[in-house]
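Residues in the sequence shown are numbered consecutively from 2, following the working numbering. C-beta atoms are modelled at their ideal positions from N, C-alpha and C, and glycine is treated no differently. Quantities reported herein were computed from a predicted structural model and do not represent experimental measurements.
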Amino acid sequence: MKIPDKNKIFPLENYNRLCFLKNIIKNPNIIVGDYTYYDDFENVKNFEKNVKYHFDFVGDKLRIGKFCMIASDVKFIMNGANHLTESLTTYPFAIFGEDWKTSMDGKEYPKKGDITIGNDVWIGYNATIMAGVTVGDGAIIATNSTVIKDVEPYSIVGGNPAKEIKKRFSDKKIEKLLEIQWWNWDIERITRNVQNLTDNKLEKIIE
2 MKIPDKNKIF
12 PLENYNRLCF
22 LKNIIKNPNI
32 IVGDYTYYDD
42 FENVKNFEKN
52 VKYHFDFVGD
62 KLRIGKFCMI
72 ASDVKFIMNG
82 ANHLTESLTT
92 YPFAIFGEDW
102 KTSMDGKEYP
112 KKGDITIGND
122 VWIGYNATIM
132 AGVTVGDGAI
142 IATNSTVIKD
152 VEPYSIVGGN
162 PAKEIKKRFS
172 DKKIEKLLEI
182 QWWNWDIERI
192 TRNVQNLTDN
202 KLEKIIE
């Protein structure tokens, strides 16, 4: 078998604007699965620049599964962007020091949790994913969407804020797809099934 090398940075010959993403990530709080790719109009290094407000001292993580497709200008808004919302003001006095430095004593900024992107997820151009969101396996995020809440597996969402447009398959087929988790098969079995995985008939899957 001649299988694409998951450890290659640029898997397409003579094209350096699409990369297997895990091979360029430097931030240890961004975890990416095998064969997930990022395609950028200018430079693949823009990916980490588009993970916004991702401060080490906050410690939140961006987790992205295997075999995902991420388009140019997709942004992830991490917890460092959060301000107080239940106080009289949202203004971050403490960061400016001086006599304001103790204004956050005994308080902390809200944390909504990590961002978790499942496997086989397609995120369209210029979409924005907010802190705390989980995107289920097989989901599709439409171009220019702003995702502020969890996305169900194998659903298509779009808009601002993003809402479910439809499910990709019947509940029964989605249940079966989540059961087989093809992205966790060994790569040889995936390779044997690439024609079946690009079809829509589960009964054709082979061992």
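Starting from residue i and walking both ways along the alpha helix (DSSP H), at which residues does that stretch end?
{"i": "residue 48", "result": "47-50"}
{"i": "residue 31", "result": "Looking at the DSSP string, residue 31 is not in any alpha helix (DSSP H); the run it does join, the beta strand (DSSP E), is 31-33."}
{"i": "residue 198", "result": "195-198"}
Mind checking who residue i pairs with in its DSSP beta bridge?
{"i": "residue 69", "result": "None, per the DSSP bridge assignment."}
{"i": "residue 160", "result": "163"}
{"i": "residue 186", "result": "Partner(s): none; residue 186 has no beta bridge."}
{"i": "residue 39", "result": "20, 71"}
{"i": "residue 215", "result": "Because the chain here runs from 2 to 208, residue 215 falls outside it and cannot be looked at."}
{"i": "residue 130", "result": "77, 148"}
{"i": "residue 64", "result": "32, 117"}
Below 9 Å between beta carbons: does that hold for residue i and residue j?
{"i": "residue 1", "j": "residue 160", "result": "Since the first residue of the chain shown is 2 and the last is 208, residue 1 is not available in this structure."}
{"i": "residue 121", "j": "residue 139", "result": "yes"}
{"i": "residue 39", "j": "residue 19", "result": "yes"}
{"i": "residue 75", "j": "residue 129", "result": "yes"}
{"i": "residue 52", "j": "residue 31", "result": "yes"}
{"i": "residue 147", "j": "residue 162", "result": "yes"}
{"i": "residue 184", "j": "residue 68", "result": "yes"}
Over the uninterrupted beta strand (DSSP E) stretch that includes residue i, give me the two end residues.
{"i": "residue 113", "result": "Where residue 113 is concerned, there is no enclosing beta strand (DSSP E), given that its DSSP letter is neither H nor E."}
{"i": "residue 175", "result": "Unbroken run through residue 175 is the alpha helix (DSSP H), 172-181; no beta strand (DSSP E)."}
Quick one: is residue i near chain B, going by C-beta distance under 9 Å?
{"i": "residue 82", "result": "Of the protein chains in the structure, only one exists, and it is not chain B."}
Please name the residue, chosen from the options, that lies closest to residue i on a Cα-to-Cα basis.
{"i": "residue 4", "options": "201, 28, 187, 202", "result": "187"}
{"i": "residue 131", "options": "116, 143, 144", "result": "116"}
{"i": "residue 79", "options": "167, 190, 111", "result": "111"}
{"i": "residue 165", "options": "104, 175, 151", "result": "151"}
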